[in-house]
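For reference, the structure discussed in these notes is given below.
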Ligand code: UD1
């Protein structure tokens, strides 16, 4: 299993290009299932989760080819409507094939994702919404089995804000008869990116980016071209790294508006941030000040940035609280950060982080994707060498992380 070796204590300086967003690419890849045509995507990041999704799509009959920068998905001849357990269990986002398969083929059989390291994460809202659109759904042998001759438009109010739930229902509704209204919809920029891709394919989606999305169903979608948005979580991770380790970094290709909540908190730590339409610069001199955060759906502070920000607070001056409101069990990085010398205690869904002056390198284990990113940041600051084990979690969501950190002057090496 690959590991990362990081020699800490160097400030970061330089410029990197932000990759395409994993959480936008995954639903947009699934959107290809909706049209008997070719979807041409650019800026699809080269990541383990994307490979897993392509494997699943191939199993359903989608043909994918890379042409230079572009990824072409041809879904003319779908051959299956089943997403098997073996693939779904490795990546929860596989549930995103449910809506498109049902809408296009009238049936879908998708394994339930089951538990995952950061909590129970049920899919009841996806199911409830599809039922409201007229689908017959049963759970059989661990699979969601869904049927509908043609889905029909409905008004759906989700019980909580769910990102992939909103995306699944939005995709399903594009081919339904009549108009669907999703209320309490997720406002995440990735939902907006998916809506843009769907509209390029001939869908009629409006309101994405607000909590009320309207989808007027059409008979069929067609091929289109779309460039996936930049990864705001990857960008935020590099900004936290520079805020913790100090330095001067420029990120290219990212829209700063997608990062407002993170930027506001980073400014409060003492970082100087300049932002243009598609670039960001962060300069940090000295030690950060402790800043408390509370995770919330967009435009609040992203749960996917929580572990990385905790690493900044771990070495900040002062004490901060970090409250996780989206997922139970998302503090697994705390024990590992403690092994690096962080002073953190957990009280319910709040971590109390007392900043220490220095962390010291140790061997730690990555437990999930963003927890791993938090450990990388802590390691960049720690004195001496840190070995991070099980970095396959990191490879699920960060394209070429050691190359990018290396370009900023960090001493990072992959051990195979
Ligand atoms: C997506 C992101 C993930 C991010 C999360 C929250 C992708 C591929 N993944 O995950 O990186 O951390 O949003 O921003 O985009 N819930 C239910 N029932 C449902 C659906 C959700 O109870 O049917 C609960 C979840 O358990 C969780 C909360 O709602 O507590 C939010 O989850 P959700 O937004 O659905 O997360 P994902 O879409 O899985």
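Numbering (our numbering), first residue to last: 13 to 428.
Using N, Cα and C, we set each Cβ at its ideal position, and we do this for glycine too.
**OP:** Give me whichever residues DSSP pairs with residue 15 in a beta bridge.
**Re:** As a beta-bridge residue in DSSP terms, residue 15 pairs with 427.
**OP:** Could you tell me whether any non-hydrogen atom of ligand 1 is closer than 7 Å to the CB of residue 364?
**Re:** Result no, Cβ not under 7 Å from ligand 1.
**OP:** Would you please state the rounded distance, in angstroms, between the beta carbons of residue 321 and residue 334? I believe it to be under 8 Å.
**Re:** Between residue 321 and residue 334, the beta carbon gap of about 7 Å places them in contact (Cβ cut-off 8 Å).
**OP:** Have a look at 102, 89, 109 and flag the residue whose alpha-carbon is nearest the alpha-carbon of residue 95.
**Re:** Of the candidates 102, 89, 109, the one whose C-alpha sits nearest the C-alpha of residue 95 is 109.
Subject >> Cβ-based burial, residue 298 [other Cβ within 10 Å; buried from 16] >> reply: Taking every protein chain shown into account, the CB of residue 298 has fewer than 16 other CB atoms within 10 angstroms, so this residue is exposed.
Original post:
What's the gap between the Cα of residue 112 and the Cα of residue 42?
Top reply: For the pair residue 112 and residue 42, the Cα-to-Cα distance works out to about 7 Å.
Original post:
For residue 226 versus residue 36, is the C-beta spacing smaller than 8 Å?
Top reply: It is not a contact, given that the beta carbons lie outside the stated cut-off.
Original post:
Any heavy atom of ligand 1 within a distance shorter than 7 Å of the CB on residue 383?
Top reply: With a cut-off of 7 Å, the C-beta of residue 383 is classified as distant from ligand 1, since no heavy atom of the ligand falls inside that distance.
**OP:** Can you check DSSP and say which residues form a bridge with residue 287?
**Re:** In the DSSP assignment, the residues bridged to residue 287 are 292.
**OP:** On the DSSP bridge assignment, give the partners of residue 152 in chain order.
**Re:** Residue 152 is bridged to 155.
Subject >> Endpoints, the beta strand (DSSP E) within which residue 236 is located >> reply: Here the beta strand (DSSP E) through residue 236 covers 236 to 239.
Original post:
Looking at C-alpha atoms only, which residue of 373, 401, 387, 177 is the closest neighbour of residue 395?
Top reply: It is 373 whose Cα lies nearest to the Cα of residue 395.
**OP:** Give me the Cα-Cα distance between residue 32 and residue 311, rounded to the nearest whole angstrom.
**Re:** Cα to Cα, residue 32 sits roughly 20 Å from residue 311.
**OP:** Could you check what DSSP says for residue 421 in three-state terms: helix, strand or coil?
**Re:** Here residue 421 sits in coil by DSSP.
Subject >> C-beta atoms of residue 278 and residue 229 nearer than 8 Å >> reply: No, Cβ-Cβ distance for residue 278 and residue 229 is not below 8 Å.
Original post:
Tell me which same chain residues have a C-beta within less than 7 Å of the C-beta of residue 190, skipping the five on either side of it?
Top reply: Answer for residue 190: 164, 165, 229, listed in chain order.
Original post:
Would a C-beta distance cut-off of 8 Å place residue 351 and residue 324 closer than the cut-off?
Top reply: No. Outside cutoff.
**OP:** State the Cα-Cα distance for the pair residue 87 and residue 389, rounded to the nearest angstrom.
**Re:** Distance between the alpha carbons of residue 87 and residue 389 is about 40 Å.
**OP:** Spatial neighbours of residue 162 within its chain, please: CB distance less than 6 Å, with the 5 preceding and 5 following residues excluded, ordered by chain position.
**Re:** Cβ within range, chain order: 189.
**OP:** List the endpoints of the continuous alpha helix (DSSP H) containing residue 384.
**Re:** In the DSSP assignment, residue 384 falls within the unbroken alpha helix (DSSP H) covering 381 to 393.
Original post:
Considering residue 120, what are the terminal residues of the beta strand (DSSP E) in which it resides?
Top reply: Per DSSP, the unbroken beta strand (DSSP E) holding residue 120 starts and ends at 119 to 123.
Original post:
In the region 157 to 204, which residue ranges form an unbroken beta strand (DSSP E) of at least 3 residues, counting only runs that do not cross its ends?
Top reply: With a minimum length of 3 residues, the continuous beta strand (DSSP E) runs that stay inside the region 157 to 204 are 167 to 169, 191 to 195.
Original post:
Is the beta carbon of residue 426 sitting closer than 8 Å to the one on residue 411?
Top reply: In this structure, residue 426 keeps its C-beta atom at 8 Å or more from the C-beta atom of residue 411.
Original post:
What residue from 172, 145, 119 has the CA that sits closest to residue 156's CA?
Top reply: Residue 119 is the option with its Cα nearest to residue 156.
**OP:** Return yes when the C-beta of residue 149 is under 7 Å from any heavy atom of ligand 1, and no when it is not.
**Re:** Relative to ligand 1, the beta carbon of residue 149 is positioned no closer than 7 Å to any heavy atom.
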